[in-house]
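In this note's numbering, the protein residues as written are 15 to 127. Just so you know, even glycine gets a beta-carbon here, dropped at the ideal spot from N, CA and C. Since we're looking at a predicted model, the values are computed, not measured.
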Amino acid sequence: MTTDVQPRSRGRVDAYFGISRQGSTVKREIMAGTVTFLAMSYVLAVNPAVLGDHGPLGARGIPTQAVFTATAVAAVVGTLVMGLWARYPVALAPGMGLNAFFAYSVVLGMGIR
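This is the structure we're talking about:
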């Protein structure tokens with residue numbers, strides 16, 4: 015006795031990103047995206063603390079709210095471009111190493127404003 019089993023049709027998300035073609039599932043990709051978001055969210059707290067005017071730079075710093083907003087917008091735009099246009103599962107955010115170098119070495123160490 016044979017049964018005619020129809021293969022499950024791929025959803026729009028799977029078809030657009032080619033998730034099953036790459037050997038993954040939508041659920042696995044959602045879990046990976048959540049973990050990536052949680053791992054990257056520290057940048058929203060650390061970046062204003064380093065570059066903001068309430069941090070070590072004091073009056074030389076950028077307004078904290080502006081740093082927070084710019085960090086969030088840069089991460090959202092970069093990640094959306096990589097995800098929707100390039101169809102590449104990479105999240106982008108401002109680099110903390112370069113920000114720390116700029117704040118501590120250039121501004122505080124060399125006195126360049």
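Where G1 falls: helix, strand or coil (DSSP): It is not possible to answer for residue 1, since the shown part of the chain is limited to 15 through 127.
Member of F31, R26 and L65 whose CA lies at the smallest distance from the CA of W99: F31
Decide if A73 is buried, meaning its Cβ has at least 16 other Cβ atoms within 10 Å, or exposed. exposed
Does DSSP put I126 in a helix, in a strand, or in coil? coil
Integer Cβ distance of L122 from P70, believed to fall under 8 Å: 7 Å
Contact set for N61: own chain, Cβ-Cβ below 8 Å, skip 5 residues either direction: V81, F82, T85, P108, M110 and N113
Flag this pair as yes or no: are the beta carbons of L66 and P77 separated by less than 9 Å? Checking the sequence shown, residue 66 turns out to be Gly, not Leu. For G66 and P77, yes; Cβs fall inside 9 Å.
Buried or exposed: where does I44 fall if 16 or more other Cβ atoms within 10 Å of its Cβ makes it buried? exposed
Leaving out five residues on either side along the sequence, give the residues of the same chain with a beta carbon under 6 Å from the beta carbon of A46. none
Can you have a look at V19 and say buried or exposed, based on whether 16 or more other CB atoms are within 10 angstroms of its CB? Here the model assigns V19 a pLDDT of 46, short of 50, so the residue's position is not dependable and the matter cannot be decided.
If you draw a straight line from the alpha carbon of G75 to that of H68, how long is it in whole angstroms? 7 Å
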